[in-house]
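UniProt numbering applies: residue 1 is where the sequence shown begins, and numbers increase by one.
Just so you know, even glycine gets a beta-carbon here, dropped at the ideal spot from N, CA and C.
A short worksheet on the structure shown next.
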Amino acid sequence: MSFGQGLTTRSSFLYGTLLGLLGGHVILRLLYRLLPRLVPGPGQWRKPEGHGVPRVTPTILAQPLIADSVCDLVGHTPLVRIHSLSEATGCDILAKAEFLNPAGSTKDRVALAMIQEAEKKGKLVPGTASTIFEGTVGSTGISLATLARSRGYGCHIVMPDDQAKEKYELLERLGATVERVRPASIVDSNHFVHVAKRRAEEFDATSLQAYREAGGTDGQCARGYFADQFENLTNHRAHAQTTGPEIWAQTSGRLDAFVAGSGTGGTIGGVGSHLKRRAPNVRVILADPQGSGLYNRVRHGIFYASQEQEGTRKRHQVDTVVEGVGNNRLTRNFSQGEAHIDQAIRVSDAEAVRMARWLSHRDGLFIGSSTAVNCVAALRVARSMGPGHRIVTLMCDSGHRHLTKFWDDAYVEAHGLDSSIPESLSFVA
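So this is what it looks like as structure tokens:
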């Protein structure tokens, strides 16, 4: 072999080796990018049409494997298929398992967002014995009490005195101060929301006075912060920025309707605004319990009747065993998302009670009262849309904080309701 031939051979060898290395590098980079998409995230299993065996739906693991605190456990809840309702309708009925949040409900998202926003604005100062005040029927208070402790704050909750007793007990175990007041109309100064606001103002004034008398000048004064979940638009934004995007990603944008109830209005408005922005044809549907005026607000633009002016009504929510959902007044959070709501469905107590028993017996889902309302409405939506559609709703909390009322057979029967386990879904008209 001549010198020139040897050089050509060696050059070809080196050239081929270089191409091989470059090709391998490209392949490795592609694998690096693509392999994470083949790893299933929590709850990301999908049952393909026409098959009985679940398969993995590709997703990207977005959460760290080790959470730094309880606050990092909020959100990223899975979607779960409700098989009994899906099979009965031919639709894909999914529920976002919000009861898997660390404090047990969808209100964890709102509580965390409000605390973080207050810290940014200096309304809460870490390390100063600042205290969070809120008026709530339970779930938001439990979320605030849980997250407040993790960030070094106190928590003072004002509640109506007619809620399930386990809510008060849980709040007390979490170290919150619990103040019980008689149920009253929102126009009454003794309504639980107004009382909570006054307590925050009193705490703030007393703390500031003591700080000044002690010669404080560094601005590190304990604050009294009124969270104000009904009117604080951080509530709406929390769901628009987390819950809505999660649902969109988990369904790969394949959904036809979103169904949810409304207490403050933050969830349905926030999620609805995000979904409508991504897909204007997605239907956003309000599930409203008896005793609430939001159904008529969506359907007819008024609460109850035209002769009743908003803000002057002398009554509060009555005649329902459902807790934590429904309202008889227009809040800022509901107003913020009202334009995105396409339809409203009214759900009776009888339907909610029996749906909860049905899902526990058929699907192993032990749900709270507001979730039962959502599921009744989701079933109706599926029936009206027909087979092949996908409906997403929320499982707001579990039945564990409803044991002594909604899940107490004697209690619901005393209200004239049937607590037996249904044999079919015919109880939903």
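May I ask which residues mark the beginning and end of the alpha helix (DSSP H) holding residue i?
i, result
"Ala344", "No alpha helix (DSSP H) holds Ala344; the beta strand (DSSP E) holding it covers Gln343 to Val347."
"Leu170", "Lys165 to Arg173"
"Leu79", "From DSSP, Leu79 is part of no alpha helix (DSSP H) but of the beta strand (DSSP E) over Leu79 to Arg81."
"Arg380", "Ser369 to Met385"
"Thr404", "First-last for Thr404: undefined, no H or E at that position."
"Pro245", "Gly244 to Gln250"
"Ile132", "Taken as a continuous stretch (DSSP letters only), Ile132 belongs to no alpha helix (DSSP H), being part of the beta strand (DSSP E) at Thr131 to Gly135."
"Ala238", "Thr234 to Ala238"
"Lys107", "Lys107 to Lys120"
"Ile421", "Counting along the chain, Ile421 falls outside any alpha helix (DSSP H), and DSSP gives it neither H nor E."
"Asp68", "Careful: Asp68 lies outside any alpha helix (DSSP H) and carries neither H nor E."
"Gly204", "Residue 204 is actually Asp in this sequence, not Gly. That run of the alpha helix (DSSP H) goes Phe192 to Glu213."
Should residue i and residue j be called a contact, given that it needs their Cβ atoms to be closer than 8 Å?
i, j, result
"Val321", "Val181", "no"
"Ala344", "Val298", "yes"
"Phe192", "Thr131", "no"
"Gly293", "Gln336", "no"
"Phe406", "Asn333", "no"
"Gly263", "Val353", "no"
"Gly138", "Glu423", "no"
"Gly224", "Ala200", "yes"
"Ala88", "Leu425", "yes"
In its own chain, which residues sit with a C-beta less than 7 Å from the C-beta of residue i, not counting the 5 before and 5 after it?
i, result
"Gly152", "Pro126 and Gly127"
"Val74", "Asn101, Pro102, Asp108, Arg109 and Leu112"
"Ala129", "Gly154 and Ala222"
"Ser86", "Asp92 and Ile93"
"Leu170", "Ile142 and Arg401"
"Ile341", "Ile268, Gly272, Val284, Leu286 and Val298"
"Arg380", "Ile345 and Val428"
"Asp256", "Val282, Arg283, Met385, His389, Arg390 and Ile391"
"Ala305", "Low confidence applies to Ala305: its pLDDT is 32, below 50, so where it sits in the model is not reliable, and the reading given next is rough at best. Excluding sequence neighbours, Ala305 sits near nothing in its chain."
"Ser360", "Phe366"
What's the C-alpha gap between residue i and residue j?
i, j, result
"Glu166", "Leu365", "20 Å"
"Arg237", "Gly266", "8 Å"
"Tyr211", "His274", "44 Å"
"Gln220", "Phe258", "44 Å"
"Val195", "Arg383", "44 Å"
"Thr312", "Ser189", "Summary for Thr312: the model assigns pLDDT 42, below 50, so the residue's position carries little reliability, and this model does not support an answer."
"Arg278", "Gly244", "10 Å"
"Ile82", "Cys91", "10 Å"
"Thr59", "Ile391", "Residue placement at Thr59 cannot be trusted, given a pLDDT of 42 that sits under 50; what the coordinates show is reported in the next sentence. Rounded to whole angstroms, Thr59 to Ile391 spans 20 Å at the Cα level."
"Asn281", "Gly301", "22 Å"
"Arg401", "Thr140", "13 Å"
"Val158", "Arg173", "16 Å"
"Val178", "Gly104", "19 Å"
"Arg149", "Thr234", "20 Å"
"Glu119", "Leu208", "17 Å"
"Asn374", "Leu286", "8 Å"
"Val271", "Val284", "9 Å"
"Glu117", "Leu124", "9 Å"
"Leu35", "His76", "Any reading at Leu35 must be qualified, since the residue scores a pLDDT of 39, below 50, and its modelled position is unreliable; no value is offered."
"Ala386", "Met114", "The question names Ala, but residue 386 is Gly in the sequence shown. Rounded to whole angstroms, Gly386 to Met114 spans 40 Å at the Cα level."
"Pro54", "Ser84", "Confidence is the limiting factor: at Pro54 the pLDDT is only 39, short of 50, which leaves the residue's position unreliable and the question unanswerable from this model."
"Thr242", "Asp408", "34 Å"
"Thr217", "Asn232", "30 Å"
Ordered along the chain, which non-local residues of its own chain (more than five positions away) have a Cβ less than 8 Å from that of residue i?
i, result
"Ala350", "Leu417, Asp418 and Phe427"
"Gly388", "Gly90 and Cys91"
"Lys197", "Phe133, Gly135, Phe226 and Asp228"
"Thr404", "Ala164, Lys165, Glu166 and Tyr411"
"His415", "Val321 and Asp349"
What are the boundary residues of the beta strand (DSSP E) that includes residue i?
i, result
"Tyr225", "Gly224 to Phe226"
"His156", "Gly154 to Pro160"
"Thr140", "That residue, Thr140, is in no beta strand (DSSP E); its alpha helix (DSSP H) goes Ser139 to Ser150."
"Val259", "Ala257 to Ala260"
"Leu294", "Unbroken run through Leu294 is the alpha helix (DSSP H), Leu294 to His300; no beta strand (DSSP E)."
"Arg390", "Arg390 to Met395"
"Thr177", "Thr177 to Val181"
"Ile285", "Arg283 to Pro289"
"Lys276", "It is not in any beta strand (DSSP E) - Lys276 instead sits in the alpha helix (DSSP H) that spans Gly266 to Arg278."
Near residue i, which residues of its chain fall below 6 Å by C-beta distance, leaving aside the five closest residues on each side in sequence?
i, result
"Ala378", "Ile93, Val259, Ile391 and Thr393"
"Phe99", "Met395, Asp397 and Ser398"
"Arg346", "Asp288 and Tyr295"
"Trp358", "Pro422"
"Ala145", "Cys155, Leu171, Leu174 and Ala176"
"Leu79", "Leu94, Lys96 and Gln250"
"Ser420", "none"
"Arg362", "Ser84"
"Ala67", "Leu73"
"Tyr168", "Val178"
Handout entry: At least three beta-carbon pairs within less than 8 Å, the stretch 360 to 376 to the stretch 243 to 252
Key = In this structure the stretch 360 to 376 does not touch the stretch 243 to 252; the number of beta carbon pairs closer than 8 Å is below three.
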